[in-house]
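Structure first, commentary second.
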Amino acid sequence: MMTTIAPATVLIALGLAACAVSLLMWKRRARSQEDRTRQRKIDPGFAEEWAPVSFQYPEIAAFEHDVDHFPPRPYRPFKPGTYHVTMGIRNMNWNDWIELDSQFLEWHRIRSERITARGSQLIHVLPDRPIVRGAQPAAEELVQELSEFLVRRYPSMYSVTRDESVDGWNGAGKVTTVTILPTKETYDVSVEPMRVAALLIPDDLAILIKGQDGQYYLQGGAIIVPGTWRLKDKIGMPLDEIHITGEVPYYKEKLQLSMNRFFSRLPVDKPVVRNNWFFQAVLPRDVADPHDPEELGWYKSVMGSEDDFVHVPSSYLLEMEALAKEKTGKQHPAQAYDAEKPQATTTKQQKCKAGADNETPSPVLPITVDRIRLRSERQTLRRLPRTGAIVFTVRTYKTPLEQLAREPGMAARLAAALQGVKEGAPETYSRMLSMKGLEKVLLDYLDARATLEGAL
Numbered sequence: 041m042m043t044t045i046a047p048a049t050v051l052i053a054l055g056l057a058a059c060a061v062s063l064l065m066w067k068r069r070a071r072s073q074e075d076r077t078r079q080r081k082i083d084p085g086f087a088e089e090w091a092p093v094s095f096q097y098p099e100i101a102a103f104e105h106d107v108d109h110f111p112p113r114p115y116r117p118f119k120p121g122t123y124h125v126t127m128g129i130r131n132m133n134w135n136d137w138i139e140l141d142s143q144f145l146e147w148h149r150i151r152s153e154r155i156t157a158r159g160s161q162l163i164h165v166l167p168d169r170p171i172v173r174g175a176q177p178a179a180e181e182l183v184q185e186l187s188e189f190l191v192r193r194y195p196s197m198y199s200v201t202r203d204e205s206v207d208g209w210n211g212a213g214k215v216t217t218v219t220i221l222p223t224k225e226t227y228d229v230s231v232e233p234m235r236v237a238a239l240l241i242p243d244d245l246a247i248l249i250k251g252q253d254g255q256y257y258l259q260g261g262a263i264i265v266p267g268t269w270r271l272k273d274k275i276g277m278p279l280d281e282i283h284i285t286g287e288v289p290y291y292k293e294k295l296q297l298s299m300n301r302f303f304s305r306l307p308v309d310k311p312v313v314r315n316n317w318f319f320q321a322v323l324p325r326d327v328a329d330p331h332d333p334e335e336l337g338w339y340k341s342v343m344g345s346e347d348d349f350v351h352v353p354s355s356y357l358l359e360m361e362a363l364a365k366e367k368t369g370k371q372h373p374a375q376a377y378d379a380e381k382p383q384a385t386t387t388k389q390q391k392c393k394a395g396a397d398n399e400t401p402s403p404v405l406p407i408t409v410d411r412i413r414l415r416s417e418r419q420t421l422r423r424l425p426r427t428g429a430i431v432f433t434v435r436t437y438k439t440p441l442e443q444l445a446r447e448p449g450m451a452a453r454l455a456a457a458l459q460g461v462k463e464g465a466p467e468t469y470s471r472m473l474s475m476k477g478l479e480k481v482l483l484d485y486l487d488a489r490a491t492l493e494g495a496l
């Protein structure tokens with residue numbers, strides 16, 4: 041016998057369903073309005089407001105290989121011929137934003153240990169400043185972007201939970217937690233989003249935001265394994281100051297204008313990638329840090345102690361000290377950064393500590409072939425659609441010279457590339473081979489390997 045449902049009951053049910061749908065739509069509109077309102081809560085002195093972009097993300101293809109057994113990509117970003125100083129950027133496929141390989145677990149361990157030991161020295165997010173917006177909204181957007189990408193690209197490595205009442209990528213619910221499946225670690229993405237982002241991937245992360253003066257400022261980051269610089273020294277700096285105090289060769293003459301123009305014009309839908317490279321000699325195994333023998337986190341062989349590292353006071357640090365002085369009346373002896381007056385900076389002050397410029401016995405010297413590494417960075421740049429911040433990722437690859445030279449034709453190719461750098465950009469060449477004795481050992485070995493290959 042069929043049961044008859046009263047018309048009034050049907051109307052009530054339909055009414056409740058309509059209310060539920062309306063409530064869901066209202067929540068999503070409210071969230072969207074909240075995001076826009078947060079963007080507008082900027083004092084008149086700040087840079088012009090970024091209008092969030094409605095962006096349809098491309099389909100991300102699942103990685104076809106077993107990450108645990110997939111070797112690091114063999115990036116060899118050099119070629120014979122005269123070297124020309126350029127930004128060296130190229131278009132990036134969306135599938136390639138973050139690259140994972142068999143080193144993931146080892147790198148995750150090193151990064152986790154450094155974050156535990158050094159915390160805010162490695163991860164920092166600045167609040168709003170008179171000249172530029174703070175990075176917290178961008179950090180929140182970034183961890184969402186990473187979570188959405190990773191769970192699609194590497195479904196065997198990550199899983200997420202979602203809040204279906206709030207939109208995420210392409211209409212999916214907003215990510216609330218993300219889990220690294222091999223380590224069984226689950227993170228709430230709303231708690232310390234910059235830290236969560238740093239733990240999810242092997243790349244370091246920097247957030248750059250456009251200021252009132254048109255410069256892009258390093259307003260946030262998770263710089264865990266940089267090797268040669270520290271976030272606490274660079275945080276708050278504009279791009280020009282970062283590169284000039286870092287003594288980047290030919291920056292003013294050949295890179296400054298094109299780089300600033302590129303940052304201002306970078307669209308949301310066109311991410312880019314670039315690579316750089318140089319050589320270093322790691323410490324002998326018997327004196328190296330057993331937790332990081334390849335000096336991934338800090339290049340102690342040349343830079344000396346990470347804790348004793350000295351850097352020119354940044355404009356941001358001086359700004360903070362000036363505010364503190366107003367409150368306490370105490371004067372700080374630091375001198376202001378002046379782009380027109382080069383100062384003794386990190387490289388010049390530190391290299392003698394590792395025996396680079398003197399004859400003092402050091403664990404680093406003499407350099408032997410087995411300790412020389414090619415250090416190559418894969419860097420990506422993309423603009424976030426909601427906040428307009430530019431995210432800079434850096435993944436480091438280290439290859440032993442002996443392994444590199446076993447690749448067919450590589451010894452001759454690398455020797456020719458180094459000669460091209462020496463001819464086209466001698467300052468860059470000096471920086472690439474700055475450690476005392478490195479140049480001779482490296483070139484002699486490459487010549488010997490090339491000769492051996494030619495005789496076979």
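So the sequence shown is numbered by my numbering: it starts at 41 and just counts up by one.
Here a beta-carbon is modelled for each residue, glycine too, at the ideal position from N, C-alpha and C.
Note that this is a predicted model, so its numbers are computed, not measured.
Problem set entry | Close-in-space but distant-in-sequence residues of the same chain around A212 (CB under 7 Å, 5 per side omitted) | Working through the sequence shown from its first residue, we reach residue 212 at position 172. Cβ within range, chain order: R202.
Exercise. What first and last residue would you give for the alpha helix (DSSP H) that runs through A455?
Worked result: For the purposes of this step, residue 455 is identified with residue 415 of the sequence shown, where counting begins at 1. Taken as a continuous stretch (DSSP letters only), the alpha helix (DSSP H) holding A455 covers 450-464.
Exercise. Alpha helix (DSSP H) containing P440: first to last residue?
Worked result: In the sequence shown, residue 440 corresponds to position 400, counting from 1. Per DSSP, P440 belongs to no alpha helix (DSSP H); it is in the beta strand (DSSP E), 430-440.
Problem set entry | Among K224, S230, M343, R169, the one whose alpha carbon lies nearest that of Y257 | Counting from one through the sequence shown, the residue named residue 257 turns up at place 217. Out of K224, S230, M343, R169, R169 has the C-alpha closest to the C-alpha of Y257.
Exercise. Which runs of the beta strand (DSSP E), 3 residues or longer, sit entirely within the region 189-275?
Worked result: 198-207, 213-220, 225-228, 244-250, 256-262
Exercise. Which class does R116 belong to by DSSP, given the choice of helix, strand or coil?
Worked result: Here residue 116 refers to the residue found at position 76 of the sequence shown. Correct three-state label for R116: coil.
Exercise. Exposed or buried, M472, counting other C-beta atoms within 10 Å across all chains shown (16 or more means buried)?
Worked result: Within the sequence shown, residue 472 is the residue found at index 432, counting from 1. Buried is the call here.
Exercise. What do you get for S355, buried or exposed, if any count of 16 or more other CB atoms within 10 angstroms of its CB means buried?
Worked result: One-based indexing of the sequence shown puts residue 355 at position 315. S355 comes out buried.
Exercise. Taking the alpha-carbon positions, what's the L556 to G174 distance?
Worked result: Nothing about residue 556 can be read from this structure; the chain reaches only from 41 to 496.
Problem set entry | Buried or exposed by the 16-neighbour rule on C-beta atoms within 10 Å, applied to P242 | Against the sequence shown, residue 242 aligns to sequence position 202. So P242 ends up on the buried side.
Exercise. Buried or exposed: S416, going by 16 or more other Cβ atoms within 10 Å of its Cβ?
Worked result: The count along the sequence shown starts at 1 and reaches residue 416 at position 376. Flag for S416 reads buried.
Exercise. Would V200 pass as a contact of T223 if the rule is Cβ separation under 8 Å?
Worked result: Locating residue 200 in the sequence shown gives position 160, where the first residue counts as 1. Locating residue 223 in the sequence shown gives position 183, where the first residue counts as 1. Not closer than 8 Å, so no.
Problem set entry | Secondary structure of W338, DSSP reduced to three states | On the sequence shown, residue 338 is found 298 positions in, with the first residue counted as 1. Strand, per DSSP.
Exercise. Alpha carbon to alpha carbon, what distance is there between P92 and A246?
Worked result: As a working note, residue 246 is residue 206 in the sequence shown. As a working note, residue 92 is residue 52 in the sequence shown. Going by the C-alpha atoms only, they are around 20 Å apart.
For this session: For the beta strand (DSSP E) holding L421, just list the boundary residues, first then last.
Result: Numbered from 1 along the sequence shown, position 381 holds the residue referred to as residue 421. From DSSP, the beta strand (DSSP E) with L421 extends over 412-423.
Exercise. Going by alpha carbons, who is nearest to K214 out of E225, A238, L186?
Worked result: As a working mapping, residue 214 is identified with position 174 in the sequence shown. Per the Cα distances, L186.
Exercise. What do you get for E380, buried or exposed, if any count of 16 or more other CB atoms within 10 angstroms of its CB means buried?
Worked result: For the purposes of this step, residue 380 is identified with residue 340 of the sequence shown, where counting begins at 1. In this predicted model, E380 has a pLDDT of only 46, less than 50, meaning its place in the structure is not dependable enough to derive any value.
For this session: Report the rounded CA-to-CA distance for I264 versus D244, giving the unit in angstroms.
Result: Walking along the sequence shown from the start, residue 264 turns up at place 224. Walking along the sequence shown from the start, residue 244 turns up at place 204. Computed Cα separation, rounded: 6 Å.
Exercise. Which residue comes first and which comes last in the beta strand (DSSP E) that contains Q320?
Worked result: Mapped onto the sequence shown, residue 320 falls at position 280. It spans 312-321 - the beta strand (DSSP E) in which Q320 sits, taken as one unbroken run.
Problem set entry | Identified DSSP bridge partners for N131 | As a first step, residue 131 is located in the sequence shown; it is residue number 91 there, counting from the start. V312, per the DSSP bridge assignment.
Exercise. Can you give the Cα-Cα distance for A456 and K119, rounded to whole angstroms?
Worked result: Counting from one through the sequence shown, the residue named residue 456 turns up at place 416. Counting from one through the sequence shown, the residue named residue 119 turns up at place 79. Cα to Cα, A456 sits roughly 7 Å from K119.
Exercise. What is the rounded straight-line gap between the Cα of P84 and the Cα of V172?
Worked result: Residue numbering aside, residue 84 sits at position 44 when the sequence shown is read from its first letter. Residue numbering aside, residue 172 sits at position 132 when the sequence shown is read from its first letter. With a pLDDT of 43 at P84, under the threshold of 50, the predicted position of this residue should be treated as unreliable, and no value is reported.
Exercise. So, do the region 148-161 and the region 104-124 have three or more beta carbon pairs nearer to each other than 8 Å?
Worked result: Under the 8 Å Cβ criterion, the region 148-161 does not count as touching the region 104-124, having fewer than three qualifying pairs.
Exercise. Between A445 and R489, which are expected to be in contact by the criterion C-beta below 8 Å, what is the C-beta distance as a whole number of angstroms?
Worked result: One-based indexing of the sequence shown puts residue 445 at position 405. One-based indexing of the sequence shown puts residue 489 at position 449. Right, the Cβ-Cβ distance comes to about 5 Å (below 8 Å), so this counts as a contact.
Exercise. If you draw a straight line from the C-alpha of D484 to the C-alpha of S470, how long is it?
Worked result: The residue given as residue 484 occupies position 444 in the sequence shown. The residue given as residue 470 occupies position 430 in the sequence shown. One C-alpha to the other measures close to 17 Å.
Exercise. Does DSSP classify V352 as helix, strand or coil?
Worked result: The residue labelled residue 352 in the question sits at position 312 within the sequence shown. In this structure, V352 counts as coil in the three-state DSSP scheme.
Exercise. Going by the beta-carbon positions, is the gap between I407 and L478 smaller than 8 Å?
Worked result: Residue numbering aside, residue 407 sits at position 367 when the sequence shown is read from its first letter. Residue numbering aside, residue 478 sits at position 438 when the sequence shown is read from its first letter. A contact, by the Cβ cut-off of 8 Å.
For this session: Identify every residue that forms a DSSP beta bridge with R169.
Result: Residue mapping note: residue 169 aligns to position 129 of the sequence shown, counting from 1. Answer by DSSP bridge pairing, in chain order: V172.
Exercise. Do you know how far the Cα of L240 is from the Cα of D329?
Worked result: Mapped onto the sequence shown, residue 329 falls at position 289. Mapped onto the sequence shown, residue 240 falls at position 200. If I take the Cα positions, the gap works out to 24 Å.
Problem set entry | Distance, P311 Cα to Q184 Cα | As a working mapping, residue 184 is identified with position 144 in the sequence shown. As a working mapping, residue 311 is identified with position 271 in the sequence shown. Cα-Cα distance, rounded: 17 Å.
Exercise. Is DSSP giving H105 helix, strand or coil here?
Worked result: For this step, residue 105 is matched to residue 65 along the sequence shown. Reduced to three states, the DSSP call for H105 is coil.
For this session: Buried or exposed for A101, please, with buried defined as at least 16 other CB atoms from any protein chain shown within 10 angstroms of its CB.
Result: The residue given as residue 101 occupies position 61 in the sequence shown. Its Cβ having fewer than 16 others within 10 Å, A101 is exposed.
Exercise. For T439 versus L414, is the C-beta spacing smaller than 8 Å?
Worked result: As a working note, residue 439 is residue 399 in the sequence shown. As a working note, residue 414 is residue 374 in the sequence shown. In contact: T439 and L414 (Cβ atoms closer than 8 Å).
For this session: State yes or no: is the C-beta of D280 within less than 8 Å of the C-beta of Q255?
Result: In the sequence shown, residue 280 corresponds to position 240, counting from 1. In the sequence shown, residue 255 corresponds to position 215, counting from 1. Taking 8 Å as the Cβ cut-off, D280 and Q255 qualify as a contacting pair.
Exercise. Would you say the region 313-324 touches the region 125-134, given that touching needs at least three Cβ pairs under 8 Å?
Worked result: yes
Exercise. Between which two residues does the alpha helix (DSSP H) harbouring W147 extend?
Worked result: One-based indexing of the sequence shown puts residue 147 at position 107. Run containing W147: 144-158, per the alpha helix (DSSP H) assignment.
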